[in-house]
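So the structure is just underneath, and the comments pick up after that.
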Amino acid sequence: GAGVSQSPSNKVTEKGKDVELRCDPISGHTALYWYRQSLGQGLEFLIYFQGNSAPDKSGLPSDRFSAERTGGSVSTLTIQRTQQEDSAVYLCASSLFGGSNGNTIYFGEGSWLTVV
Amino acid sequence: AQSVSQHNHHVILSEAASLELGCNYSYGGTVNLFWYVQYPGQHLQLLLKYFSGDPLVKGIKGFEAEFIKSKFSFNLRKPSVQWSDTAEYFCAVNGHSSNTGKLIFGQGTTLQVKP
């Protein structure tokens, strides 16, 4: 597609429920990132995919958070047993290659998650 | 520890005023530096980036930034702001030797330009 596409754009869920957030990266981009942006905070790195593998999961805040990527394309971020502190904007980003070789990372519009 | 610090959290300027947003980083090794902008209701967009070469980098919409290695800084500047520059601005860094390329972001600076 033309850009990084995320769905849903907005999600309100009850505390304790599970949620899935989807990311469709730019076609051909092998690297995919998930970030979280909380109110008044910067962007917090969650996980990095290269192809279908996740060599860096260091930012996942707890074992309630998981992500997968299939076909080297679409990724799903799953939050189990949501808590109010999970409320944030979840941003997906992609780049042509991973690593710091000069390529630009492009961001989607984000999925706004509100846990009530 | 790897980190980015943006000194100004909220800046209010009148149109035609000059802008300088501070950014300092802490990161071992050679770095790449970025400024991203998020206009109201829109996604993050790249304003400019520095990888190597001339430390004065020019980006879109008249923005520029200067990498000063000795000060670990990458301040963003614009000589004359417009109302349409109202947005949130994020400074970010990654390392030349990073296998992932993941970006470390500052907390952002909200710029409000009064017409």
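Residue numbers (this note's numbering), protein chains in the order written: chain L, 786 to 901; chain U, 17 to 131. In this text, a Cβ means the ideal position worked out from N, Cα and C, and glycines have one as well.
- Each of L:Ala-839, L:Ser-847 and L:Val-874 was checked against the Cα of Thr-815 of chain L, and the nearest Cα belongs to L:Ala-839.
- For His-814 of chain L, there is no enclosing beta strand (DSSP E), since its DSSP letter is neither H nor E.
- Here Pro-810 of chain L is buried: its Cβ has 16 or more other Cβ atoms, across all protein chains shown, within 10 Å.
- Apart from sequence neighbours up to five positions away, the residues of its chain that approach Tyr-66 of chain U with a beta-carbon distance below 6 Å are Leu-49, Val-73 and Phe-83, ordered along the chain.
- Within the model, the alpha-carbon separation for Trp-819 of chain L versus Val-874 of chain L is close to 11 Å.
- Under the Cβ criterion of 8 Å, Thr-116 of chain U is counted among the residues facing chain L.
- With 16 or more other Cβ atoms inside 10 Å of its own Cβ, Tyr-891 of chain L counts as buried.
- Chain-ordered listing is empty here: chain U has no CB closer than 8 Å to the CB of Leu-898 of chain L, the nearest sitting near 16 Å.
- Residue state for Asp-803 of chain L is assigned as coil, using DSSP reduced to three classes.
- Of all alpha-carbon atoms in L:Gly-857, L:Thr-863, L:Ala-852 and L:Pro-846, the one lying nearest the alpha-carbon of Glu-870 of chain L is that of L:Pro-846.
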